[in-house]
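S.K.: Chains W and P supply the protein sequences, listed in that same order.
According to my numbering, the first sequence is numbered sequentially starting from 864.
According to my numbering, the second sequence is numbered sequentially starting from 864.
Number of protein chains: 2
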Amino acid sequence: MSDNLVISIDAMGGDNSPRVVIEGINIAAKRNSDLRFLLFGDESKIMPLLKQYPKVAKVSKVIHTEEYVKNEDKPSQVIRNRNTSMYMAIDAVRSGRARAVVSAGNTGALMAISKMVLKTIKGIHRPAICTIMPHIDGKYVMLDLGANTECDAINLAEFAIMGNIFAKHALGLKAPRVSLLNIGAEEMKGKEEIRQALKILKNPQLDINCTGYIEPHDIANGAADVIVADGFTGNVALKATEGTARLVVRLIKRAVKRSIFAKIGLPFMMGVVLKIKKSMDPRSYNGAMLVGLNGLSVKSHGGTDGKGYAVAIDNAAKLVRQNFVDTIRQEVEKVDLDELNQESIYEGYYL
Amino acid sequence: MSDNLVISIDAMGGDNSPRVVIEGINIAAKRNSDLRFLLFGDESKIMPLLKQYPKVAKVSKVIHTEEYVKNEDKPSQVIRNRNTSMYMAIDAVRSGRARAVVSAGNTGALMAISKMVLKTIKGIHRPAICTIMPHIDGKYVMLDLGANTECDAINLAEFAIMGNIFAKHALGLKAPRVSLLNIGAEEMKGKEEIRQALKILKNPQLDINCTGYIEPHDIANGAADVIVADGFTGNVALKATEGTARLVVRLIKRAVKRSIFAKIGLPFMMGVVLKIKKSMDPRSYNGAMLVGLNGLSVKSHGGTDGKGYAVAIDNAAKLVRQNFVDTIRQEVEKVDLDELNQESIYEGYYL
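(1) Residues of chain W with CB under 8 Å from P:E1078, in chain order?
(2) Spatial neighbours of W:E1050 within its chain, please: CB distance less than 8 Å, with the 5 preceding and 5 following residues excluded, ordered by chain position.
(3) Is the beta carbon of W:A961 closer than 8 Å to that of W:S880?
(4) With a threshold of 8 Å between beta carbons, is P:F1124 in contact with chain W?
(5) Cα-Cα, which of P:D1007, P:T1107 and P:T1167 is closest to P:V1091?
(6) For chain W, find out if any of its Cβ atoms is closer than 8 Å to the Cβ of P:D1081; answer yes or no.
(7) Run down chain W in chain order and give the residues with a C-beta less than 7 Å from the C-beta of P:T1107.
(8) Is it a yes or a no for the segment 1000 to 1019 of chain W touching the segment 1092 to 1101 of chain W, going by three-plus beta-carbon pairs under 8 Å?
(9) For the segment 1061 to 1075 of chain P, enumerate the residues whose C-beta is nearer than 8 Å to any C-beta of chain W, in chain order.
(10) Tell me the DSSP secondary structure of P:D1177 in three-state form.
(11) From which residue to which residue does the alpha helix (DSSP H) around P:P1130 run?
(12) Below 9 Å on C-beta distance, what does P:L1019 contact in chain W?
(13) Cutting at 6 Å between CB atoms, please list the residues of its own chain near P:G1165, excluding the five before and the five after it.
(14) W:M1132: buried (16+ other C-beta within 10 angstroms of its C-beta) or exposed?
(15) With 16 other CB atoms within 10 Å as the buried threshold, where does W:L1137 fall?
(16) Taking the CB atoms as reference points, tell me whether W:L898 and W:H1032 lie closer together than 8 Å.
(17) Starting from P:R1109, trace the alpha helix (DSSP H) in both directions and tell me its first and last residue.
(18) Tell me the rounded alpha-carbon separation between W:A975 and W:I942.
(19) Given that W:S871 touches chain P, what residues does it touch there, using C-beta distances under 8 Å?
(20) Quick check on DSSP: helix, strand or coil for P:L868?
(21) Cβ closer than 7 Å: which chain W residues qualify as neighbours of P:K1054?
(22) What does P:F1131 reach in chain B if we use C-beta pairs closer than 7 Å?
(23) Using 8 Å as the cut-off, can you tell me whether the segment 1055 to 1064 of chain P makes contact with the segment 1035 to 1043 of chain P, which would need three or more C-beta pairs spanning the two stretches below that distance?
(24) So W:L868 and W:S1160 are in contact, right, with Cβ under 8 Å, and what is the actual spacing, rounded?
(25) Pull up the distance between the alpha-carbon of W:I849 and that of P:V1195, whole angstroms please.
(26) Against chain P, does W:K1181 count as a neighbour if the rule is that its beta carbon must be under 8 Å from one of theirs?
(27) Please state whether the Cβ-Cβ distance between W:T1107 and P:A1086 is less than 8 Å.
(28) Hey, quick one: how far does the alpha helix (DSSP H) through W:K875 stretch, first residue to last?
(29) Need the endpoints of the alpha helix (DSSP H) that W:T1074 sits in, please.
(30) One question on the structure: do W:L1156 and W:E1021 come within less than 8 Å of each other, judged by their Cβ atoms?
(31) Count the C-beta pairs between the segment 894 to 908 of chain P and the segment 923 to 930 of chain P that are closer than 8 Å, then say yes if the count reaches three, no if not.
(32) Considering only the beta carbon of each residue, do W:Y1148 and W:M996 sit closer than 8 Å?
(33) Is W:Y1148 helix, strand or coil by DSSP?
(34) Output needed in chain order: residues of the segment 988 to 1004 of chain W with a Cβ under 9 Å from some Cβ in chain P.
(35) Could you name the residues of the segment 1109 to 1120 of chain P whose beta carbon sits closer than 8 Å to any beta carbon of chain W, in the order they occur along the chain?
(36) Would you say P:S1142 faces chain W, with C-beta separation under 8 Å as the test?
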């Protein structure tokens, strides 16, 4: 497996594991012939599935684990249990046997174990959860989505640096427009730490195309390529977005169901319906990355199917091929954010 | 005008003032025969409009003002100028000449002047901005939407008390389900001040049907009647919701436009389109209330039309008739939140 790209998999994480996991690998392996997999989990459940998916069996090695992290487990209860499929899959990245880990399991546990085992990149104070989302004309990157409830200006600036690299790699942009999520009118614009983060990001020493603040209603318009927020705010924005999109779709469905006239028109609309469905399909955006660690840890949605799981694997592979983690390391080495922060406090002339 | 309900109006606030304002009064006056209006603003602009709308002229008294607050004015610049239409309209509530004030002008200035002139109700530490929004099966109330960027547990508990009364009055609910907006998995659920606020709200001394936390993706499902958040988070949730709803509608429009087939089906769909449009029409939800002050201050959307402005007036009148402000005063007098807060810190057995 030396010339190949190895990804370790927590085969027991997610609602319909390991079936969905194996189905996902089957799809991703067809698209990425260089991928090899370390499957951590219950052999008695994985082996019968590998018989059904001989392609997966060919590119995978199964490492039996007796235990696995359940959705209801508290991170503190499981973080030190080295015998779970999740822990062992993450540890394979630390030891160098794999380049990235994918799990559809317990988010809190995945974050906690990834942080403890992989450790934060030197120069990064806190890792963040990062994902890709659709806007009207394309895609954007948002972070943090929940790893850090409270953040200071330096944390936010670090997220911006990582998000910038992420957008370059994952979205193929040359100079992503990086914005800080904020609210309100000019004078009282949002929170102190956000204003301070903007000062840091405007420092010419940082090669970031920082476009200032973005208000939440402009996210969907594609006004920025990278949206930076603390984990609480980012999570609220993301989930409010998801909830509303689902609401509108449900309202339309219900209204169509109640109208005979609309039912007659429906066949003509199927093209449009399928197009919208495709462009908003959460499976196309599956895979939240824990960025800022010495290794890539990817969280798949727990309720996704094989198609969605394959997207998470694709994304992980893409970032590994582009040396995402090393690029972050290099960028962070170039600057001393604490110094930039002090400068902006004392001089404050970048704005 | 003694037996009538007087509302003071900042006739100069909003994008198309005073035209939209007068149109709004015209609509609202037809629906509410007891309403009388004090119109503060530039006589030379208001008088010609009153000739066009004799019904409005009959129920209104114009008080000429030389100055008005512009959208780009900073609150600190205008807060002490007693000669603006906004200041004078608010001051009419303080002096008892009007029971509520409506303005479509500068939000920051309206908040700042309302707070300074009307002052906070005794027992309430901070006023909040509150509005009504649509969910899948009805409406919900959300606060704070931006008056307070940072909040502690007591602030949040006060918002819950006020939101509870607001939902009883404005939505006609007997025991509104009051929830705190929060994120995350059990153990690390959100922020300390939110967890602490929940403890206070669970105290049986408070007669609130507090249903715990609500996650942002459940807002649109109608999982709560009152959603309580700090002003930063509430504003983000509200604006992300608005932005996404608009995105989905635009995506559908664009897809239909590009498909001949869909255009054929479109006439059959018009009933559904109009229904959805109506149920999500922002004009139907116009009017954000500044609650917690000695008097009611209502912010209309600056870009609304006469129909939307009339809804803001309707809402203001409805709350005045129900003695909304007095009810808050009475509820707040009943309990000592600081004491409940201390209790919950030391005993903490309500959860």
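Heads up, the beta-carbon is just placed ideally off N, CA and C, and yes, glycines get one too.
Bear in mind that the values here come from a model prediction, so they are computed numbers and not experimental data.
M.R.: A quick look at the data gives this:
(1) K1102
(2) Because W:E1050 carries a pLDDT of 42, less than 50, the predicted location of this residue cannot be relied on, and the following value inherits that uncertainty. Excluding five sequence positions before and after W:E1050, none of the CB atoms of its chain fall closer than 8 Å to its own CB.
(3) no
(4) yes
(5) P:D1007
(6) Yes, P:D1081 lies at the interface with chain W (some Cβ there is under 8 Å from its Cβ).
(7) A1083, T1104, T1107 and A1108
(8) yes
(9) none
(10) helix
(11) I1123 to M1143
(12) Going along chain W, no residue has its Cβ under 9 Å from P:L1019, so there is no contact; the nearest lies around 14 Å.
(13) These residues qualify, in order along the chain: G877, D878 and A967.
(14) It is buried - the Cβ of W:M1132 has at least 16 other Cβ atoms within 10 Å.
(15) exposed
(16) Taking 8 Å as the Cβ cut-off, W:L898 and W:H1032 do not qualify as a contacting pair.
(17) G1094 to K1120
(18) Rounded to the nearest whole angstrom, the C-alpha separation of W:A975 and W:I942 is 7 Å.
(19) Those within 8 Å of W:S871 in chain P number zero; the least Cβ separation is about 23 Å.
(20) Three-state result, P:L868: strand.
(21) T1012 and F1095
(22) Among the chains of the structure shown, chain B does not appear; the protein chains present are W and P.
(23) yes
(24) That pair is no contact at about 16 Å.
(25) Residue 849 of chain W cannot be examined here, being either before or after the span of chain W that is shown, 864 to 1214.
(26) no
(27) no
(28) The sequence as given places Met at residue 875 of chain W; Lys does not occur at that position. Segment: none, W:M875 is in no alpha helix (DSSP H) and carries neither H nor E.
(29) Where W:T1074 is concerned, there is no enclosing alpha helix (DSSP H), although the beta strand (DSSP E) it sits in stretches over C1073 to I1077.
(30) No, the Cβ-Cβ distance between W:L1156 and W:E1021 is not below 8 Å.
(31) yes
(32) yes
(33) helix
(34) P997, H998 and I999
(35) R1109, L1110, V1111, V1112, R1113, L1114, I1115, A1118 and V1119
(36) yes
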